[in-house]
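In what follows, a structure is listed as structure tokens, so that the remarks can point back to it.
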């Protein structure tokens with residue numbers, strides 16, 4: 480589950496929130512199920528920042544985030560002896576003094592691993608919002624999902640039409656595991672229909688008849704709003 484830390488946003492109380500998606504609503508109209516399930520995210524307080532996937536902050540508070548990180552970097556820089564770490568900290572100091580977030584900085588994979596234990600607030604997606612945006616919680620959380628690098632794929636059937644949350648770049652085999660480990664273990668193939676084709680055709684059966692369904696192997700990369708049926712050995 481995506482965790483969002485709300486920094487200095489008392490109006491957004493900690494807890495779990497369903498994020499409504501009009502695309503899922505459209506699928507459910509065409510393919511009615513007994514149950515409709517949206518993706519769910521969790522809003523956590525500032526004290527759980529290190530566990531959060533992204534940080535939600537008001538425009539007026541962005542300086543507080545940067546100064547918080549800068550203070551840590553400067554303190555550590557004054558104490559550390561290792562020259563390679565000093566160089567890395569100096570690089571971070573330059574980034575923060577330019578009032579830039581660490582997560583947007585052009586750092587390599589090894590550099591990211593090196594700074595991960597620091598727990599820097601801005602070393603994760605930071606979603607900056609205006610006060611007027613706080614009026615629409617669903618839109619706000621949907622934006623956090625997008626800007627944190629997550630997408631949704633959909634499944635539909637008689638019992639349930641559901642949205643599933645995965646990171647961009649997730650394979651069909653990994654996505655199967657999000658639903659159930661048994662599906663992942665027995666994975667045979669994924670039947671994929673794009674959202675547009677599903678809607679334009681008028682549902683799964685018509686989409687298949689019109690040749691819109693694709694059979695994809697386990698290394699297929701799930702695309703946002705794919706309508707998926709997993710075939711697997713039970």
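In our numbering, the protein residues as written are 480 to 713. Here a beta-carbon is modelled for each residue, glycine too, at the ideal position from N, C-alpha and C.
Quiz prompt | Identified DSSP bridge partners for residue 506 | solution = Bridge partners of residue 506 according to DSSP: none are assigned.
Quiz item: Considering only C-alpha positions, which residue in the set 677, 702, 579 is nearest to residue 643?
Solution: Nearest of 677, 702, 579 to residue 643, Cα basis: 702.
Exercise. Look at the Cβ atom of residue 755, then the Cβ atom of residue 685, and state whether they are nearer than 7 Å.
Key: Nothing in the structure corresponds to residue 755, since the chain is present only between 480 and 713.
Self-check item: Whole-angstrom distance between residue 535 and residue 614, CA atom to CA atom
Solution: Cα to Cα, residue 614 sits roughly 14 Å from residue 535.
Quiz item: Between residue 638 and residue 515, is the Cβ-Cβ spacing less than 7 Å?
Solution: In this structure, residue 515 does not lie closer than 7 Å to residue 638 by Cβ.
Exercise. Under 8 Å by Cβ, that's how I've got residue 707 and residue 680 pegged, so tell me the actual separation to the nearest angstrom.
Key: Cβ atoms of residue 707 and residue 680 stay farther apart than 8 Å, at about 16 Å.
Exercise. Report the rounded CA-to-CA distance for residue 667 versus residue 660, giving the unit in angstroms.
Key: Here the alpha carbon of residue 667 sits roughly 13 Å from the alpha carbon of residue 660.
Quiz prompt | Where residue 579 sits in the DSSP three-state scheme | solution = Assignment of residue 579 by DSSP, reduced to helix, strand and coil, places it in the coil class.
Self-check item: Environment of residue 694 [buried if 16+ CB atoms lie within 10 Å]
Solution: Under this definition residue 694 is an exposed residue.
Quiz item: In chain order, which continuous runs of the beta strand (DSSP E) of length 3 or greater are located wholly inside the segment 624 to 668?
Solution: The segment 624 to 668 contains these whole beta strand (DSSP E) runs: 629 to 635, 639 to 646.
Quiz prompt | Residues near residue 547 in its chain [Cβ-Cβ closer than 7 Å; skip 5 each side] | solution = The answer, listed in chain order, is 600.
Practice problem: Could you have a look at residue 679 and say whether DSSP puts it in helix, strand or coil? | Solution: Here residue 679 sits in helix by DSSP.
Exercise. Compute the Euclidean distance between the alpha carbons of residue 625 and residue 531, then round it to the nearest angstrom.
Key: In this structure, the straight-line span from the alpha carbon of residue 625 to that of residue 531 is close to 15 Å.
Quiz item: Hey, quick one: how far does the beta strand (DSSP E) through residue 709 stretch, first residue to last?
Solution: 706 to 711 is the extent of the beta strand (DSSP E) around residue 709.
Practice problem: Tell whether a beta-carbon distance below 7 Å holds between residue 520 and residue 586. | Solution: Taking C-beta atoms as the reference points, residue 520 and residue 586 fail to come closer than 7 Å.
Quiz item: So, is residue 492 buried or exposed, given that buried needs 16 or more other C-beta atoms within 10 angstroms?
Solution: Counting the other CB atoms within 10 Å of its CB gives residue 492 a total below 16, which places it among the exposed residues.
Quiz item: Using the rule of at least 16 other Cβ atoms within 10 Å of the residue's Cβ for burial, across every protein chain shown, is residue 683 buried or exposed?
Solution: With 16 or more other Cβ atoms within 10 Å, it is buried.
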